[in-house]
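Q:
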Ligand SMILES: Nc1ncnc2c1ncn2[C@@H]1O[C@H](COP(=O)(O)OP(=O)(O)OP(=O)(O)O)[C@@H](O)[C@H]1O
Ligand SMILES: Nc1ncnc2c1ncn2[C@@H]1O[C@H](COP(=O)(O)OP(=O)(O)OP(=O)(O)O)[C@@H](O)[C@H]1O
Ligand SMILES: [Mg+2]
Ligand SMILES: [Mg+2]
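Chains as they are written, first to last, in the working numbering: chain A, 133 to 463; chain B, 564 to 829; chain C, 564 to 829; chain D, 108 to 379; chain E, 108 to 379.
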């Protein structure tokens with residue numbers, strides 16, 4: 133199968149694929165996995181819809197927006213919830229006067245690019261906090277480095293990246309304060325696997341096996357984060373830090389991965405989530421809220437059709453203990 | 564004026580001699596940004612098969628324009644031009660042209676420039692190459708066959724143009740001041756060569772020159788044109804015996820003809 | 564050979580006449596992809612102030628090369644050239660050049676082409692413009708001052724080149740076959756004009772030509788060059804009285820000089 | 108032929124444009140192409156009409172135009188200027204040419220973040236991108252054109268003591284003019300692309316923003332709308348450069364014309 | 108001057124390259140620029156050496172080279188081919204030229220999704236992108252060059268009944284050669300950029316992939332490494348085109364040479 137990502141893999145999220153390769157988790161499910169990166173959901177989704185790519189990993193906001201706008205003929209289905217939390221958040225410097233969303237009044241908020249799919253959600257959140265469109269400005273600052281530079285140089289007052297990126301900034305020595313997105317929008321989940329609707333219908337087994345292997349890889353990663361990080365760097369030598377304090381860099385990377393895995397595999401109270409499951413209610417609420425806030429054209433989205441939990445039960449059907457042992461032994 | 568030259572003015576025509584080129588009431592106006600320039604007005608001219616016609620006229624009177632009409636490169640603004648009886652709507656295949664500027668292709672060697680008509684007309688290669696070498700020897704450029712035009716002097720380039728004109732052994736030769744950049748000796752040699760070729764194969768020639776002597780020495784008829792707009796103001800038959808040689812130059816009829824023609828330019 | 568002409572061969576020098584141009588053992592070799600071409604070999608030549616020197620020689624013997632040396636455009640491979648006593652390492656400002664090709668700027672009108680030396684030398688505009696119009700009238704092109712070079716005939720372009728050469732009233736004139744593309748009458752008119760200018764202002768002239776008559780008619784001295792590599796093989800003083808006119812052409816000394824020079828080309 | 112030749116020039120592209128719209132129409136109808144790949148023409152048409160009527164499109168068009176023109180003017184000037192320096196000086200050429208070539212091979216998008224840091228998120232960074240992309244064609248064509256000036260013409264002017272500046276202005280530059288105009292024509296397309304790529308990277312306005320936000324929202328019709336507007340702007344720009352070219356470099360299209368007929372017109376019978 | 112002129116040509120760019128590295132070095136040292144904005148040169152150097160030694164770089168370089176060259180060859184051929192068609196036929200020009208110009212103004216990135224759907228996410232789609240970007244400079248310079256052929260030379264050949272094909276091959280094409288080479292030189296930079304943009308859109312390999320994945324992984328040194336490699340490839344390509352240009356179009360650089368000294372060499376004193 134071919135898997136299309138919508139963002140270049142980084143050490144935070146790329147390790148799972150490498151671990152899957154190195155531990156033979158794909159093979160075990162009789163899969164051959166090829167991972168590709170596409171520039172954003174706009175490029176990726178048509179690839180899945182046209183069958184060039186078997187599985188895609190976009191974030192759902194833009195697809196929901198498209199459906200809300202009446203684009204109901206996209207032949208795709210979400211079948212595995214990879215990031216069941218809204219990882220987007222605001223981050224400000226630790227000594228900043230900004231403590232909650234409402235404090236962003238008359239401030240500059242940095243985003244990667246104005247075309248990012250999460251911006252409508254951000255606007256909705258700001259609106260709910262009582263800010264009118266004229267009360268804040270959203271400026272594009274590029275990804276990672278250039279955005280960090282903008283924040284530390286004071287060109288923007290807050291960043292609106294995902295929490296993993298904020299982790300990176302924090303670990304590189306800039307103390308931050310995070311401001312989570314509140315309410316319904318904060319409860320929306322992020323990237324999830326999509327597949328062509330017909331393929332999913334005709335050959336559910338393929339997607340079950342894929343989901344199972346992916347879950348296993350995630351488990352393995354969590355069991356030996358260090359290995360997960362190293363595996364990623366083996367696969368992407370260009371990403372391996374080569375300068376500065378190397379042990380510290382490794383430690384940082386491990387920390388980044390651990391935080392991320394915690395966020396996506398556990399509920400805030402620490403109990404484990406069911407891998408791949410969608411909270412359809414939360415999604416429906418999100419859609420309604422977005423429509424209310426005027427970010428979606430309507431709330432007329434067939435959420436139950438578009439998201440399916442039908443395969444979820446099978447994703448966990450493997451011996452997680454064995455995987456953990458295997459992972460702990462791996463180098 | 565002799566029957567051999569194909570001219571049938573005044574007398575009864577015994578045998579119709581075919582015409583090589585005719586111009587009937589040909590006028591040419593050039594369009595420029597500063598208004599039209601009338602170059603030729605109502606030109607009437609016949610060149611019979613085998614006839615050698617020289618054209619004299621002041622600078623800018625339209626001689627080159629006339630030659631370009633015969634070459635099929637310019638369509639007259641009004642009037643009609645024919646080549647061997649057929650309307651001139653394209654350059655004739657049996658015509659050789661030597662331009663006032665050498666117009667050699669800078670990216671081809673001297674030899675390849677001379678070979679050009681062989682390529683355009685699809686002549687067999689080997690004999691054409693032999694002939695090209697002969698012609699280069701004729702114009703004194705054997706040593707320069709591998710050089711490029713930019714490496715030649717002005718007169719040498721002009722001679723390459725003459726060799727190119729002769730390569731495919733055309734029936735009608737159009738020559739626009741072919742010897743202008745040549746020294747007296749080369750000029751004489753080539754004039755005699757031209758006469759020899761013409762006598763041997765009875766080609767038709769339209770020969771534009773500024774030299775009255777050259778015109779009289781070579782031609783059966785000398786056409787004199789007025790200054791712009793060019794019209795034909797005289798048409799002088801030259802009846803000197805052939806072949807002409809250096810003695811001809813000092814003969815009385817030669818001097819008379821030259822003096823008569825010079826009268827037009829004073 | 565007269566003292567007025569500044570030649571001091573054989574006799575005692577009463578008054579040193581300054582030289583306009585000298586060439587001492589000048590040789591030129593051109594580099595080409597097909598090997599070197601020796602164009603000039605050991606040329607020695609002086610042109611005195613106010614002297615009119617004509618150069619005759621077979622095509623390709625290096626006449627244009629010699630002129631380009633005088634114009635400061637080519638540095639000899641060996642030997643030395645001087646202009647008014649100073650080594651020739653750049654084109655002289657008091658020199659006018661008429662090339663064998665007209666070399667006009669296609670994007671400038673005829674008038675602007677004639678004005679070129681005024682621009683390059685920074686002459687005052689108004690008098691230069693007046694002079695440009697006069698010179699265009701002199702060469703018979705007043706009507707074409709606003710036209711572009713491509714709209715002129717070959718001879719007309721050459722005349723523009725002559726007018727351009729005269730614009731800044733230079734002391735040394737370098738003329739490379741300036742009348743080659745002109746008809747007999749224009750040629751004679753311009754030759755007489757040239758003599759008038761020369762007599763009036765005693766310019767120095769290096770005049771390259773293929774016409775023996777023209778050389779004898781105009782020059783104080785005729786240099787004869789051998790064929791390539793060019794060497795000076797004769798240096799003939801012409802002592803015909805000035806001003807020369809159409810009668811000169813039929814005088815015996817004129818005929819003798821011509822006949823003598825023709826001997827070199829047979 | 109004759110009748111066709113009498114039609115005004117703008118008819119021809121319209122004809123071929125209509126043909127394309129026709130094919131597009133047919134394709135959408137016959138092959139049931141999904142909206143998100145190629146929306147039907149009427150949708151795009153509606154969108155365009157609405158956008159112009161309610162004025163929502165103007166700010167986008169305006170922003171892209173400002174960036175494109177600003178960068179185009181500066182980039183072309185730089186390209187021509189440095190081209191002149193390099194063509195006139197062997198030293199400059201030796202030291203600089205390879206570096207500039209190398210710089211040019213660096214994808215501007217990769218430089219994007221650095222440019223953003225240096226020039227901010229406003230119009231400036233887009234103009235810088237446009238400058239970078241327009242620069243090269245002008246630069247190369249200028250050098251190339253200046254180098255091709257006829258040595259004989261240069262010599263003729265040198266013989267009259269022409270200064271280096273004179274040779275440059277009156278001989279080399281006119282000789283290069285046609286090639287520089289070629290560069291200007293290539294540059295205009297690249298300038299538009301540069302502006303759009305800049306808007307992809309960061310912006311709140313402009314046709315590039317329109318297109319990329321449409322691509323994220325999978326709104327095929329808006330995307331095609333933006334692409335069409337860009338194409339039209341590009342065509343108008345190129346046409347303007349072409350017209351200017353013809354008028355400025357008048358001496359190079361000197362097909363001989365006789366009064367009643369154009370030579371080439373007749374010759375076609377024989378050449379064709 | 109004389110001694111300098113004797114040095115081999117590749118020395119000069121090296122000197123200016125060293126100067127740049129020097130400035131870079133100094134900047135990093137003096138201004139304490141953070142790594143993620145501009146890594147120090149030695150880091151990049153280490154990276155390059157390791158990358159070549161352990162062979163990790165070769166697949167990336169290879170992939171980019173294949174895409175670039177493949178697209179360059181096809182795109183240039185298409186550009187020259189269509190340029191020929193349009194320069195030779197008024198009809199083609201009228202109907203096609205505006206459309207092609209319009210197409211060119213469309214940012215290739217906007218066409219990305221469609222290209223990906225049609226050509227797949229493999230090498231093909233990148234080659235298509237490269238073809239699209241190289242096409243235009245070749246196309247415009249070819250038309251422009253062919254149009255500038257000397258009418259007198261054409262007439263001289265026409266007088267000998269030269270066919271249209273002959274005129275094209277033996278007069279127009281050589282007249283256009285220099286300008287076409289200019290286009291080839293512009294094209295080589297654009298081809299590299301096209302390949303990289305293609306790799307940004309979707310890929311697993313290539314220098315573009317390297318650069319953009321480094322940007323997500325905040326590895327400034329890797330980014331600079333990729334950019335440098337691209338620059339070097341671009342420089343080599345351009346140099347090859349330049350050398351070819353000089354050899355093929357030998358008749359246009361006909362500075363007169365006399366045996367012992369070159370005219371221009373001496374003239375410099377006066378011109379400079
Ligand atoms: N640029 C050049 N490169 C190489 N060789 C050249 C160049 N210019 C002239 N030559 C050679 O130098 C010799 C002399 O040329 P030059 O032009 O001086 O002759 P010329 O006496 O003016 O001839 P013509 O009367 O035909 O004009 C010729 O043999 C020619 O081949
Ligand atoms: N391409 C052109 N465009 C405009 N006018 C032209 C063109 N060619 C020639 N003419 C004009 O036509 C007239 C005749 O030109 P043509 O070249 O036929 O003269 P010519 O008799 O050959 O002169 P020359 O003896 O000087 O070569 C001239 O007045 C010239 O200005
Ligand atoms: Mg003529
Ligand atoms: Mg000469």
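Where is the CB? At the ideal position from N, CA and C, for every residue including glycine.
Figure out for me which residue from C:742, C:790, C:714 and C:614 has the closest Cα to the Cα of residue 669 of chain C.
A: The residue labelled residue 669 of chain C in the question sits at position 106 within the third chain. Checking every option, the nearest Cα to that of residue 669 of chain C belongs to C:714.
Q: Could you check whether the Cβ of residue 721 of chain B sits closer than 7 Å to any heavy atom belonging to ligand 4?
A: Start at 1 with the first residue of the second chain, and residue 721 of chain B comes out as number 158. Outside the cutoff, so no.
Q: Is the CB of residue 281 of chain E under 8 Å away from at least one CB in chain B?
A: Taking the fifth chain and counting its residues from 1, the one referred to as residue 281 of chain E is at position 174. Yes, contact with chain B.
Q: Can you find a C-beta in chain B that's less than 8 Å from the C-beta of residue 705 of chain C?
A: What you label residue 705 of chain C is simply residue 142 of the third chain in a count that begins at 1. No, its Cβ sits nowhere closer than 8 Å to a Cβ of chain B.
Q: Return yes when at least one heavy atom of ligand 4 lies under 7 Å from the C-beta of residue 703 of chain B, else no.
A: Within the second chain, numbered from 1, the residue matching residue 703 of chain B stands at position 140. No - ligand 4 has no heavy atom lying nearer than 7 Å to the Cβ of residue 703 of chain B.
Q: Check each residue's C-beta against every heavy atom of ligand 1 and list, in chain order, those closer than 6 Å.
A: Residues flagged by the Cβ proximity filter: B:713, B:714, B:715, B:716, B:717, B:718, B:719, B:744, C:593, C:595, C:600, C:602, C:620, C:622, C:623, C:624, C:625, C:626, C:627, C:628, C:663, C:791 and E:363.
Q: Under 8 Å Cβ-Cβ, which residues of chain B neighbour residue 745 of chain C?
A: Counted from its first residue, the third chain places residue 745 of chain C at position 182. Residues of chain B passing the Cβ test: 622 and 773.
Q: Looking only at C-alpha atoms, which of D:334, D:245, D:253 and D:289 sits nearest to residue 181 of chain D?
A: As a working note, residue 181 of chain D is residue 74 in the fourth chain. It is D:245.
Q: So, are the CB atoms of residue 831 of chain B and residue 695 of chain B less than 8 Å apart?
A: Since the first residue shown for chain B is 564 and the last is 829, residue 831 of chain B is missing from the structure and cannot be characterised.
Q: Would you check whether ligand 5 has a heavy atom nearer than 7 Å to the C-beta of residue 259 of chain D?
A: This structure does not include ligand 5; its bound ligands are ligand 1, ligand 2, ligand 3 and ligand 4.
Q: Compare the C-beta of residue 141 of chain D against all C-beta atoms of chain A and say whether one is closer than 8 Å.
A: The residue you call residue 141 of chain D lines up with position 34 of the fourth chain. It does; some Cβ of chain A falls within 8 Å.
Q: So, residue 328 of chain D versus residue 151 of chain D, is the Cβ gap smaller than 8 Å?
A: For this step, residue 328 of chain D is matched to residue 221 along the fourth chain. For this step, residue 151 of chain D is matched to residue 44 along the fourth chain. Against a cut-off of 8 Å, the Cβ pair of residue 151 of chain D and residue 328 of chain D comes out as a contact.
Q: Name, going along the chain, the residues of the region 660 to 677 of chain C whose beta-carbon falls closer than 7 Å to a beta-carbon of chain D.
A: Per Cβ criterion, the list reads 660, 662, 664, 666, 668, 669 and 670.
Q: Nearest-angstrom Cα distance between residue 569 of chain C and residue 634 of chain C?
A: For the purposes of this step, residue 569 of chain C is taken as the residue at position 6 of the third chain. For the purposes of this step, residue 634 of chain C is taken as the residue at position 71 of the third chain. With a pLDDT of 42 at residue 569 of chain C, under the threshold of 50, the modelled position of this residue cannot be trusted; read the value that follows with caution. Near 22 Å, if we compare the C-alpha coordinates of residue 634 of chain C and residue 569 of chain C.
Q: Check the C-beta distance from residue 735 of chain C over to residue 785 of chain C and give it rounded, since I have them as a contact under 8 Å.
A: Taking the first residue of the third chain as 1, we reach residue 735 of chain C at position 172. Taking the first residue of the third chain as 1, we reach residue 785 of chain C at position 222. Going by Cβ atoms, the distance from residue 735 of chain C to residue 785 of chain C rounds to 18 Å, so no, they are not a contact pair.
Q: Going by other Cβ atoms of all chains shown within 10 Å of its Cβ, with 16 needed for buried, is residue 280 of chain A buried or exposed?
A: Position 148 of the first chain holds residue 280 of chain A. Counting Cβ neighbours within 10 Å, residue 280 of chain A comes out buried, since at least 16 surround it.
Q: Keeping to the same chain, check which residues put their C-beta closer than 7 Å to that of residue 677 of chain B; ignore five residues upstream and five downstream.
A: As a working note, residue 677 of chain B is residue 114 in the second chain. Cβ within range, chain order: 695, 698, 699, 723, 726, 727 and 730.
Q: For the putative contact between residue 753 of chain C and residue 806 of chain C, defined by C-beta atoms under 8 Å, what is the C-beta separation to the nearest angstrom?
A: Taking the third chain and counting its residues from 1, one reaches residue 753 of chain C at position 190. Taking the third chain and counting its residues from 1, one reaches residue 806 of chain C at position 243. Wrong, their Cβ atoms sit about 15 Å apart, outside the cutoff.
Q: Please list the residues of the region 286 to 298 of chain D that have a C-beta atom closer than 7 Å to any C-beta atom in chain E, keeping them in chain order.
A: So the close ones are 286, 289, 292, 293 and 296.
Q: Per DSSP, residue 241 of chain D is paired with what?
A: As a first step, residue 241 of chain D is located in the fourth chain; it is residue number 134 there, counting from the start. Residue 241 of chain D pairs with nothing; no bridge assigned.
Q: For residue 256 of chain E, return the contacting residues in chain B, with the cut-off set at a CB-CB distance below 9 Å.
A: Within the fifth chain, residue 256 of chain E is the residue found at index 149, counting from 1. In chain order: nothing, as chain B lies at least about 11 Å away.
Q: Helix, strand or coil: how does DSSP classify residue 543 of chain B here?
A: Shown here, chain B extends from 564 to 829; a query on residue 543 of chain B therefore has no answer.
Q: If you measure from the beta carbon of residue 189 of chain E to each beta carbon in chain D, is any gap under 8 Å?
A: Locating residue 189 of chain E in the fifth chain gives position 82, where the first residue counts as 1. By this cut-off, residue 189 of chain E is not an interface position.
Q: Looking at the structure shown, is residue 352 of chain D part of a helix, part of a strand, or coil, going by DSSP?
A: Numbered from 1 along the fourth chain, position 245 holds the residue referred to as residue 352 of chain D. Here residue 352 of chain D sits in helix by DSSP.
Q: Of all the residues that make up the region 226 to 253 of chain E, which are near chain B by a beta-carbon distance shorter than 8 Å?
A: Listed by position, the residues of the region 226 to 253 of chain E near chain B (Cβ gap below 8 Å) amount to none.
Q: Whose C-beta lies closer than 6 Å to the C-beta of residue 100 of chain A among residues of the same chain, with five residues either side of it excluded?
A: Past the edges of chain A, shown from 133 to 463, lies residue 100 of chain A, and the structure says nothing about it.
Q: Using a Cβ-Cβ cut-off of 8 Å, state whether residue 656 of chain C counts as contacting chain D.
A: Here residue 656 of chain C refers to the residue found at position 93 when the third chain is read from its first residue. Answer yes: the Cβ-Cβ gap between residue 656 of chain C and chain D drops below 8 Å somewhere.
Q: Near residue 302 of chain E, which residues of its chain fall below 6 Å by C-beta distance, leaving aside the five closest residues on each side in sequence?
A: For the purposes of this step, residue 302 of chain E is taken as the residue at position 195 of the fifth chain. Excluding positions up to five away in sequence, the list reads 171, 174, 175, 233 and 237.
Q: Apart from the five residues on each side of it in sequence, which residues of its chain come closer than 6 Å, Cβ to Cβ, to residue 187 of chain D?
A: Within the fourth chain, numbered from 1, the residue matching residue 187 of chain D stands at position 80. Answer for residue 187 of chain D: 245 and 249, listed in chain order.
Q: At a threshold of 7 Å, does residue 739 of chain B count as lining ligand 4 (C-beta to nearest heavy atom)?
A: Here residue 739 of chain B refers to the residue found at position 176 when the second chain is read from its first residue. Result no, Cβ not under 7 Å from ligand 4.
Q: Between which two residues does the alpha helix (DSSP H) carrying residue 166 of chain A extend?
A: For the purposes of this step, residue 166 of chain A is taken as the residue at position 34 of the first chain. Residue 166 of chain A -> not in any alpha helix (DSSP H); beta strand (DSSP E) instead, spanning 166 to 170.
Q: Anything in chain E within Cβ reach of residue 593 of chain B, meaning under 8 Å, just list it in chain order.
A: Translated into positions along the second chain, residue 593 of chain B becomes position 30. Within chain E, no residue comes near residue 593 of chain B; the closest Cβ sits about 13 Å away, beyond 8 Å.
Q: Return the chain-ordered list of same chain residues with a C-beta closer than 8 Å to the C-beta of residue 397 of chain A, the five sequence neighbours on each side being excluded.
A: Taking the first residue of the first chain as 1, we reach residue 397 of chain A at position 265. Closer than 8 Å at Cβ, skipping near neighbours: 350, 354, 404, 405 and 407.
Q: Is the separation between the beta-carbon of residue 362 of chain A and that of residue 317 of chain E shorter than 8 Å?
A: Along the first chain, one-based indexing puts residue 362 of chain A at 230. Along the fifth chain, one-based indexing puts residue 317 of chain E at 210. Not in contact: residue 362 of chain A and residue 317 of chain E (Cβ atoms no closer than 8 Å).
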